[in-house]
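In terms of UniProt numbering, the sequence shown opens at residue 1 and continues consecutively. We treat Cβ as the ideally placed atom computed from N, Cα and C, and that holds for glycine. Notes follow once the structure below has been shown.
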Amino acid sequence: MEVGMASEARRQKNVLLRSSQNQRRRKKALVGKIHTHKNLNYPTVVSMINKAWQVEDGVDILDLDRNNFIFLFRFNNAEDYFRILRGRPWNILGHLLNLQEWEDDMVIEEVSFDSAPFWVQFHGLLMDVFDSVNAKILGDAVGEAVMVEDPMVDGRMRRTFIRVSSLLRLNEPLVSGFWVPRESKKPVWVKVRYERLQNFCYKCGCLVHVGKGCKVEVSSEVFEDNREFGPWLSTQSVRTFDDVLVICRKGWPEVRLLGSTSQSGGLLSGVHSVKGKVAGEGDGVEPSHTPLARTSSPAKMCT
Numbered sequence: 001m002e003v004g005m006a007s008e009a010r011r012q013k014n015v016l017l018r019s020s021q022n023q024r025r026r027k028k029a030l031v032g033k034i035h036t037h038k039n040l041n042y043p044t045v046v047s048m049i050n051k052a053w054q055v056e057d058g059v060d061i062l063d064l065d066r067n068n069f070i071f072l073f074r075f076n077n078a079e080d081y082f083r084i085l086r087g088r089p090w091n092i093l094g095h096l097l098n099l100q101e102w103e104d105d106m107v108i109e110e111v112s113f114d115s116a117p118f119w120v121q122f123h124g125l126l127m128d129v130f131d132s133v134n135a136k137i138l139g140d141a142v143g144e145a146v147m148v149e150d151p152m153v154d155g156r157m158r159r160t161f162i163r164v165s166s167l168l169r170l171n172e173p174l175v176s177g178f179w180v181p182r183e184s185k186k187p188v189w190v191k192v193r194y195e196r197l198q199n200f201c202y203k204c205g206c207l208v209h210v211g212k213g214c215k216v217e218v219s220s221e222v223f224e225d226n227r228e229f230g231p232w233l234s235t236q237s238v239r240t241f242d243d244v245l246v247i248c249r250k251g252w253p254e255v256r257l258l259g260s261t262s263q264s265g266g267l268l269s270g271v272h273s274v275k276g277k278v279a280g281e282g283d284g285v286e287p288s289h290t291p292l293a294r295t296s297s298p299a300k301m302c303t
């Protein structure tokens, strides 16, 4: 056999390995990446993660790729694992720590850090569009809706805004708002606000740049009050109402850990998002309207 053929045969050979006996004692794990181009101090990063998480039973932090700030987190307590997963997104030193599920039969190349879940609030909506179907439409207008809080409970509004957990593409502009049409009246502007949103680009609206630095040029004639992106897109996080959660994406990890779907309807399916051009995704053209279905009964405010 020629040397080249022998070398190729060795490369194509399958080597079967047995699973480690430690698999019986394996811990729940997450893999995370800090999205930054800055040269952060590694010990400081680890210290800040421990300080932010406050894991009483301890968490093992393994360095998978120090240059790209990719870590493996092994939890001694399943409750800590669940709390950290549901607490997404996390920010370390102002930079997004993007956490994803991890299994021991995975390799790091199989993990995507292109998107991250954020709780998104929609303010300024008409009261007759407050339902879980419209909540999913709204969540899909900014990303991919994975969970929504049913805004109506026994005919009463739970909040004055609609709240949705959406998967956001990190290299795409955030949506700052959009128009919702009304019959025989002028359309209303719906403001979009993102919980736990910290560092992002005020020029292009992206959370992460593909390369170093932003390629978007902002004219000096654009004053602060007229800018589309800024710190006002961030808002304070609020407590999630687990009893009214409606699931939009089957198999979403945070829901699997709950052990069952919510009493408010479980998986929300058969809803098609109507996504027009929205603010932040255009080329200077006025944003189009996002149609929403009307509810059949009037809403009442909780007292």
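Based on Cα-Cα distance, which residue from the options lies nearest to residue i?
i, options, result
"I34", "D57, R66 and R163", "R66"
"W53", "W102, R74, C214 and L16", "R74"
"Q236", "R193, V59 and N91", "R193"
"L96", "N68, D80 and E79", "N68"
"N91", "Y202, K203, C214 and E195", "E195"
"V142", "C206, K38, R239 and L16", "C206"
"L167", "F241, K186 and W252", "W252"
"L126", "K203, N76, R182 and R88", "R182"
"W232", "L197, S184 and G94", "L197"
Given this structure, state the Cα-to-Cα distance separating residue i from residue j, to the nearest angstrom.
i, j, result
"G265", "I61", "Any reading at G265 must be qualified, since the residue scores a pLDDT of 42, below 50, and its modelled position is unreliable; the value itself is stated next. Whole-angstrom Cα-Cα distance: 38 Å."
"F200", "P43", "24 Å"
"M71", "T36", "Reading off the sequence, residue 71 comes out as Phe, not Met. Using only the alpha carbons, I get a separation of about 14 Å."
"E103", "D114", "19 Å"
"T261", "E149", "For T261, the predicted structure reports a pLDDT of 38, less than 50, and the residue's modelled location is therefore unreliable. A value from the coordinates is still provided. When rounded, the distance between both Cα atoms is 13 Å."
"D243", "V146", "16 Å"
"G58", "F229", "38 Å"
"Q100", "D128", "36 Å"
"W189", "M152", "22 Å"
"S234", "S176", "10 Å"
"L30", "N50", "14 Å"
"N226", "L40", "33 Å"
"A78", "K27", "8 Å"
"D140", "V15", "44 Å"
"V45", "G94", "11 Å"
From the DSSP secondary-structure annotation, give me the bridge partner or partners of residue i.
i, result
"S234", "Y194"
"Q54", "DSSP, once it has assigned bridges, lists no residue as partnering Q54."
"F71", "G32 and D63"
"V246", "V148"
"E172", "For E172, which the question treats as bridged, DSSP gives no partner whatsoever."
"S166", "F118 and A145"
"E101", "L30"
"H95", "I92"
"F229", "Paired residues: none, contrary to the question."
"G177", "K191"
"R182", "K185"
Please go through the stretch 112-145 and give each complete beta strand (DSSP E) segment of 3 or more residues, from N-terminal end onward.
The beta strand (DSSP E) runs lying completely inside the stretch 112-145 and spanning 3 residues or more are 115-123, given in chain order.
Assess contact between the stretch 141-159 and the stretch 69-86, defined as three or more Cβ pairs (one per stretch) separated by less than 8 Å. Is contact present?
The answer is no - the stretch 69-86 does not touch the stretch 141-159, with fewer than three Cβ pairs under 8 Å.
Stretch-stretch touch, CB-based, cutoff 8 Å, three pairs: the stretch 100-107 with the stretch 126-133:
As far as the Cβ criterion goes, the stretch 100-107 does not touch the stretch 126-133, which means the pair count is below three.
Give a yes or no on contact between the stretch 111-123 and the stretch 162-172, applying the rule of three or more CB pairs nearer than 8 Å.
Taking a contact to require three or more Cβ pairs closer than 8 Å, the stretch 111-123 and the stretch 162-172 qualify as touching.
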